[in-house]
Amino acid sequence: MWTWFYKLASPPYVYGVAAAFAPWLFGFAALAIGYGLVAGLGIAPADYQQGEAFRMIYVHVPSALLSLTVYTVMAVASGIALIWRIKVGHAVAAASAPIGASFAILALITGSLWGKPMWGTYWAWDPRLTSELILLFLYVGVMSLRSAFEDPLRGDRAAALLAVVGVVNVPIVHFSVVWWNSLHQGATIVKLGAPSMPGSMLWPLLSMWLGFMLFFGAVLCMRLQAEVLNRERQASWVREAIK
Amino acid sequence: MTVGAWEAFFLVVHRELCLSFRRPEQLFQPLVFFLIVTTLFPLGLSLQLSALRDIAPGVLWVAALLSSLLSLDSLFKSDADDGTLEQLALSGQGLTLIVVAKTCAHWLVTGLALVIVSPIVGTALSIPTHAFATMMLSLALGTLTLSWLGAIGAGLTIGLRRGNVLLSLIVLPLATPLLIFGAAATDRAISETSTAGAVYFLAALCVFTCTLAPWAATAALRITLE
Amino acid sequence: MTSDFWSMGGYARYVWPCYGIAGAVLAWNLWAAGRYLGAAKVRAARALAMASSEAR
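Which chain is which? The protein sequence lines are A, B and C, in order. Oh and the first sequence: position 208 is 208 in this note's numbering, straight run, nothing missing. Counting from 1 along the second sequence, just add 243 to a position and that's the residue number in this note's numbering. Counting from 1 along the third sequence, just add 469 to a position and that's the residue number in this note's numbering.
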């Protein structure tokens with residue numbers, strides 16, 4: 001059973017898997033996001049307190065969750081690459097970084113647009129917003145560090161270490177609304193116990209979350225192919241692969 | 244001749260201190276920067292005394308952060324340039340021990356110096372004297388944590404072009420909790436409310452960083468030295 | 470339904486830019502990844518061509 005895991009350490013295998021999976025992931029992502037949009041914008045009833053503005057949840061929450069998930073993926077891949085010296089891990093980390101950064105930016109912007117009508121301000125120096133901004137800075141730091149090295153492997157390893165050090169911020173972002181008095185509302189889905197949201201509002205949200213995750217997977221597959229090619233340019237399998 | 248671990252530690256600290264004091268101007272530069280940056284704020288904002296007191300903790304801490312960043316460059320760079328760092332790594336004493344010794348010595352000449360100078364800066368920012376104790380304690384804990392975060396960053400960025408900018412880019416996001424709680428502690432001390440929460444949090448951050456950062460900094464150096 | 474839908478209870482100027490920017494970010498991800506992969510393939514083909522011409 002673990003053989004498939006060992007196979008994933010092989011660049012040509014990963015390249016093939018990524019190439020095969022990408023279109024399927026895009027297809028399912030489109031379905032999930034499509035359903036989420038229709039149900040979220042059309043079917044779910046307006047919120048009692050927030051009115052129609054609450055519908056921004058359907059892009060804000062998935063993008064925020066994704067920004068955290070992608071950082072975790074990047075950190076885990078980096079850790080695997082550093083500990084066991086598996087270069088594919090560096091490829092995964094390098095591929096995930098720009099995607100995660102874009103989701104962090106999206107979470108901050110959509111949150112800002114949601115904050116204006118709800119809290120009266122586009123920004124507040126509140127623990128969750130601040131730690132999410134720090135997450136964005138960490139993404140930028142990891143990407144900058146990787147590209148600053150002449151030797152790509154050294155750059156990969158330095159960026160990997162930074163990614164692992166920075167992962168301490170991920171639980172801070174998530175638990176910030178629990179540990180401190182925050183303007184931002186508390187956890188409604190990723191917590192122990194039942195979600196504090198009715199079904200008609202919840203299902204489109206879960207579908208959008210799933211759709212964003214699948215979309216991340218698809219884009220990751222494309223970027224991963226590119227990263228693997230960049231690291232293995234001279235290898236013999238590349239000739240067949242890029243035909 | 245084999246050298247025990249404690250002996251090696253004190254030897255390295257002694258060496259670092261000797262080298263630092265050989266060029267005293269290098270020691271004063273971050274302190275002068277600290278003083279200059281702190282004076283820029285009241286001059287630029289031309290505030291009433293009471294308003295200055297409000298922004299003082301934040302200004303103090305930002306200035307301390309920036310001047311610490313300036314001095315981090317010297318932690319590994321000169322040793323890396325002349326090959327001493329590789330010799331130390333090959334010396335048979337654990338690299339972690341060397342890193343701990345270098346960082347401790349670095350803090351003694353930069354962070355501790357900042358703490359000692361801080362009453363002057365505090366007076367310039369009209370921080371009342373009863374807040375000085377908390378201010379200095381929080382700065383001591385904060386600069387120690389910062390030295391460690393900086394050690395990780397410095398280890399990763401030795402020898403890079405524009406390594407300074409990258410170092411700041413890496414260290415500052417990780418240092419924001421320090422800034423938040425350090426400024427909060429000083430602020431509470433000024434308004435004479437309980438500073439316990441903020442100081443305990445700073446101490447916790449310090450302990451957390453001092454425990455885990457040596458491994459990360461050693462790993463960073465190994466990556467660079469390979 | 471339609472005019473109520475578009476006005477989003479008066480919040481239209483927050484909700485629609487929100488979704489618009491989200492769509493733009495997703496589209497950028499797709500486009501940028503495609504471009505990056507294409508460039509990587511071109512570079513790889515070039516490296517292989519150089520290697521095989523050197524071997525001759």
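Heads up, the beta-carbon is just placed ideally off N, CA and C, and yes, glycines get one too. These numbers were taken from a predicted model, which means no experiment stands behind them.
8 angstroms Cβ shell around residue i - same chain, five flanking residues per side excluded
i, result
"V170 (chain A)", "L68, Y71, T72, A75 and L135"
"T467 (chain B)", "A323, G398, L399, I401 and G402"
"W391 (chain B)", "T346, T452, C453, A456, P457 and A460"
"R296 (chain B)", "L368, S369, I370, P371 and I433"
"L266 (chain A)", "Residue coverage of chain A in this structure runs from 1 to 243, which leaves residue 266 (chain A) outside it and unanswerable."
"M118 (chain A)", "Q50 and A53"
Residue i burial status per 10 Å Cβ neighbour count (16 or more: buried)
i, result
"D325 (chain B)", "exposed"
"H373 (chain B)", "exposed"
"E250 (chain B)", "exposed"
"L368 (chain B)", "buried"
"F137 (chain A)", "buried"
"H90 (chain A)", "buried"
"R223 (chain A)", "buried"
"P98 (chain A)", "buried"
"T121 (chain A)", "exposed"
"Y48 (chain A)", "exposed"
"L464 (chain B)", "buried"
Per-residue contacts from residue i into chain A (C-beta, under 7 angstroms)
i, result
"A513 (chain C)", "L229, R233, V238 and I242"
"A502 (chain C)", "V219, M222 and R223"
"A509 (chain C)", "A226, L229 and N230"
"P416 (chain B)", "I134, F137, L138 and G141"
Contacts around residue i, its chain only, beta-carbon distance under 6 angstroms, and the 5 residues preceding and following it disregarded
i, result
"P12 (chain A)", "W237"
"L260 (chain B)", "A348"
"A158 (chain A)", "L145"
"F284 (chain B)", "V302"
"L312 (chain B)", "S411"
"P362 (chain B)", "F375"
"L421 (chain B)", "G385 and T388"
Residues that residue i contacts on chain C, provided the C-beta gap is smaller than 8 angstroms
i, result
"T110 (chain A)", "C487, I490 and A491"
"P11 (chain A)", "Within 8 angstroms Cβ-Cβ: nothing; P11 (chain A) doesn't reach chain C, min ~12 angstroms."
"L106 (chain A)", "I490, A491 and V494"
"S102 (chain A)", "V494, W497 and N498"
Interface residues of chain A facing residue i [CB-CB closer than 8 angstroms]
i, result
"A496 (chain C)", "In chain order: nothing, as chain A lies at least about 11 angstroms away."
"A463 (chain B)", "A158 and L161"
Contact list for residue i against chain C, beta-carbon separation under 7 angstroms
i, result
"G51 (chain A)", "G478 and Y480"
"I99 (chain A)", "N498"
"L113 (chain A)", "Y483, P486 and C487"
"V59 (chain A)", "C487, Y488 and A491"
Proximal residues of chain B, C-beta to C-beta of residue i below 7 angstroms
i, result
"R157 (chain A)", "I466"
"L162 (chain A)", "L399 and I413"
"A148 (chain A)", "L403 and L409"
beta-carbon residue i near the ligand ADP non-hydrogen atom, thresh 6 angstroms
i, result
"L499 (chain C)", "The ligand ADP is not part of the structure shown, which contains no ligands of any sort."
Cutoff 7 angstroms; reference residue i; Cβ partners in own chain excluding five residues on either side
i, result
"T110 (chain A)", "M56, V59, H60 and S63"
"F277 (chain B)", "A306, A307, S310, L357, V360 and V364"
"V173 (chain A)", "L68, R128, S131, E132 and L135"
"T438 (chain B)", "T377, A428, R431 and A432"
"V256 (chain B)", "A344, C347 and A348"
"S176 (chain A)", "P127, R128, S131 and S182"
Backbone secondary structure at residue i - three-state DSSP
i, result
"G186 (chain A)", "coil"
"D473 (chain C)", "helix"
"G27 (chain A)", "helix"
"D47 (chain A)", "strand"
"R266 (chain B)", "coil"
"M197 (chain A)", "coil"
"T438 (chain B)", "coil"
"N181 (chain A)", "coil"
"L254 (chain B)", "helix"
"W391 (chain B)", "helix"
"I370 (chain B)", "coil"
"Q291 (chain B)", "coil"
"R515 (chain C)", "helix"
"V494 (chain C)", "helix"
"W2 (chain A)", "coil"
"D156 (chain A)", "helix"
Amino acids of chain B, ordered along the chain, whose beta-carbon sits closer than 8 angstroms to that of residue i
i, result
"S144 (chain A)", "L409 and L412"
"R154 (chain A)", "I466, T467 and E469"
"V165 (chain A)", "I395, L417 and A459"
Contact list for residue i against chain C, beta-carbon separation under 9 angstroms
i, result
"R55 (chain A)", "M477, Y480, V484, C487 and Y488"
"I43 (chain A)", "Near I43 (chain A) there are no residues of chain C at all, since even the closest Cβ is about 12 angstroms away, more than 9 angstroms."
Inset, instruction - Indicate whether the contact test is met: 3 or more Cβ pairs, each with one atom in the stretch 300-308 of chain B and one in the stretch 391-401 of chain B, closer than 8 angstroms. - result: As far as the Cβ criterion goes, the stretch 300-308 of chain B does not touch the stretch 391-401 of chain B, which means the pair count is below three.
Inset, instruction - Could you say if the stretch 177-193 of chain A and the stretch 425-432 of chain B meet the contact criterion of at least three C-beta pairs nearer than 8 angstroms? - result: No contact exists between the stretch 177-193 of chain A and the stretch 425-432 of chain B.
Legend entry - Sufficient close CB pairs (3 or more, under 8 angstroms) joining the stretch 115-127 of chain A to the stretch 499-507 of chain C: Not touching, per the Cβ criterion.
Legend entry - Inter-stretch contact (C-beta, 8 angstroms, three-pair minimum) for the stretch 81-92 of chain A and the stretch 18-30 of chain A: No: fewer than three Cβ pairs fall under 8 angstroms.
Inset, instruction - Pair every Cβ in the stretch 191-211 of chain A with every Cβ in the stretch 28-48 of chain A, then say whether three or more of these pairs are closer than 8 angstroms. - result: Between the stretch 191-211 of chain A and the stretch 28-48 of chain A, the count of Cβ pairs shorter than 8 angstroms is three or higher; the stretches touch.
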